[in-house]
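A.B. asks: Sharing a structure, written as C-alpha cells. Questions coming.
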Amino acid sequence: MKATFGAGCFWHVQESFDKLEGVKSTEVGYMGGHKKEPSYKEVCRGETGHTEVCQVEYDPKKVSYNELLDIFWNIHDPFYKAKTQYRSVIFYHSPKQKELAEKALKGLEKKHKRKPATDIEKAATFWKAEDYHQKYYKKGFLRKVCRM
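If you count by the working numbering, then the sequence shown holds residues 4 to 151, one letter each, in order.
So, in C-alpha cells, the structure goes:
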C-alpha cells in the first residue's frame with residue numbers, strides 16, 4: 004500500500020519513515036501542483052504549486068496507516084502554516100486513508116485546542132524528485148542542512 008506525506012523538507016521525512024519496520028520503500032518527490040515533471044528549482048521558486056513529499060510503500064500487516072500518521076504528526080509542526088513547497092499535507096490514496104487522516108486531524112485539534120495547518124487532499128500524480136534527493140540523509144549532509 005502507498006501513503007504520501009508532506010511535512011517540510013522531504014529529506015528528513017524520508018529518513019523518519021525509512022527507520023520504521025513494515026516500510027518496504029520510500030521515494031521523495033513532488034505532488035499537488037499544476038506542472039508536469041517539475042524540477043526542484045521550479046518547486047523552490049514557487050512556480051509549480053507542488054509540495055515536497057515522501058511516498059511510502061508499506062506492508063499493512065506490519066505497520067498500520069495510523070502508525071504512519073503518528074510518525075507524520077511527530078516529525079514536524081502540523082500547526083505551522085508553511086509556504087506551498089513545505090506545507091503540512093496528507094495525500095490519501097483511498098477513502099479509508101481519508102477517513103483515518105480526518106479522524107486523526109480532529110483528534111489533534113481537540114487535544115491542542117487549535118486547528119492544525121495540515122491539509123488533507125486526494126493523491127495526485129507523484130513526480131519523483133531528482134536522484135540526488137533520494138536517501139539524501141545517507142549522504143551525510145542532512146544534519147547540517149535540516150538542523151536536526
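Don't be surprised by glycine CBs; every beta carbon is placed ideally from N, CA and C.
Just how far apart, CA to CA, sit G32 and W76?
C.D. replies: Here residue 32 refers to the residue found at position 29 of the sequence shown. Here residue 76 refers to the residue found at position 73 of the sequence shown. Each residue's alpha carbon lies about 19 Å from the other.
A.B. asks: Curious, which full-length beta strand (DSSP E) runs of at least 3 residues does the stretch 67-141 contain?
C.D. replies: 91-95 and 122-125
A.B. asks: In angstroms, rounded to a whole number, what distance separates the CA positions of A132 and F13?
C.D. replies: Taking the sequence shown and counting its residues from 1, the one referred to as residue 132 is at position 129. Taking the sequence shown and counting its residues from 1, the one referred to as residue 13 is at position 10. So the two alpha carbons sit approximately 10 Å from each other.
A.B. asks: Have a look at P157 and N69 and give me their C-alpha separation to the nearest angstrom.
C.D. replies: The chain is shown from 4 up to 151; residue 157 falls before or after that span and cannot be answered.
A.B. asks: Measuring only the C-alpha atoms, how far is K65 from Q58?
C.D. replies: Along the sequence shown, read from residue 1 onward, the residue named residue 65 stands at position 62. Along the sequence shown, read from residue 1 onward, the residue named residue 58 stands at position 55. Computed Cα separation, rounded: 17 Å.
A.B. asks: Exposed or buried, which one is E40 when buried takes at least 16 other CB atoms within 10 Å?
C.D. replies: By 1-based counting over the sequence shown, the position of residue 40 is 37. Counting C-beta atoms within 10 angstroms of its own C-beta, E40 has fewer than 16 neighbours from the protein chains shown and is therefore classed as exposed.
A.B. asks: Is the beta carbon of T29 sitting closer than 7 Å to the one on Q17?
C.D. replies: Counting from one through the sequence shown, the residue named residue 29 turns up at place 26. Counting from one through the sequence shown, the residue named residue 17 turns up at place 14. Taking the C-beta atoms as reference points, Q17 is found nearer than 7 Å to T29.
A.B. asks: If you check the beta carbons only, do A85 and Y95 fall under 7 Å apart?
C.D. replies: Sequence index remark: in the sequence shown, residue 85 carries index 82 (1-based). Sequence index remark: in the sequence shown, residue 95 carries index 92 (1-based). Cβ atoms of A85 and Y95: not closer than 7 Å.
A.B. asks: Are the beta-carbon atoms belonging to H79 and G11 less than 7 Å from one another?
C.D. replies: For this step, residue 79 is matched to residue 76 along the sequence shown. For this step, residue 11 is matched to residue 8 along the sequence shown. Yes, they are a contact pair.
A.B. asks: Whole angstroms are fine: how far does the CA of H53 sit from the CA of R117?
C.D. replies: Position 114 of the sequence shown, counted from the start, is the residue given in the question as residue 117. Position 50 of the sequence shown, counted from the start, is the residue given in the question as residue 53. In a straight line, the C-alpha of R117 is about 26 Å away from that of H53.
A.B. asks: Between the Cα of K113 and the Cα atoms of F82, A127, A126 and F129, which residue gives the shortest distance?
C.D. replies: Counting from one through the sequence shown, the residue named residue 113 turns up at place 110. Among F82, A127, A126 and F129, the Cα nearest to that of K113 belongs to F82.
A.B. asks: Contact defined as beta carbons within less than 8 Å: I believe I74 pairs with L23. What is the distance between those atoms, to the nearest angstrom?
C.D. replies: Against the sequence shown, residue 74 aligns to sequence position 71. Against the sequence shown, residue 23 aligns to sequence position 20. Their Cβ separation, rounded to whole angstroms, is 6 Å, which keeps I74 and L23 in contact under 8 Å.
A.B. asks: Tell me which residues share the same chain as G25 and place their Cβ nearer than 7 Å to its Cβ, disregarding the 5 neighbours each side in the sequence.
C.D. replies: Within the sequence shown, the letter at position 22 stands for residue 25. Around G25: Y61, D62, K65 and V66.
A.B. asks: Since E120 contacts M34 with CB under 8 Å, what's their CB separation in whole angstroms?
C.D. replies: For this step, residue 120 is matched to residue 117 along the sequence shown. For this step, residue 34 is matched to residue 31 along the sequence shown. According to the sequence shown, residue 120 is Ala rather than Glu. A120 to M34, Cβ: 17 Å. No contact.
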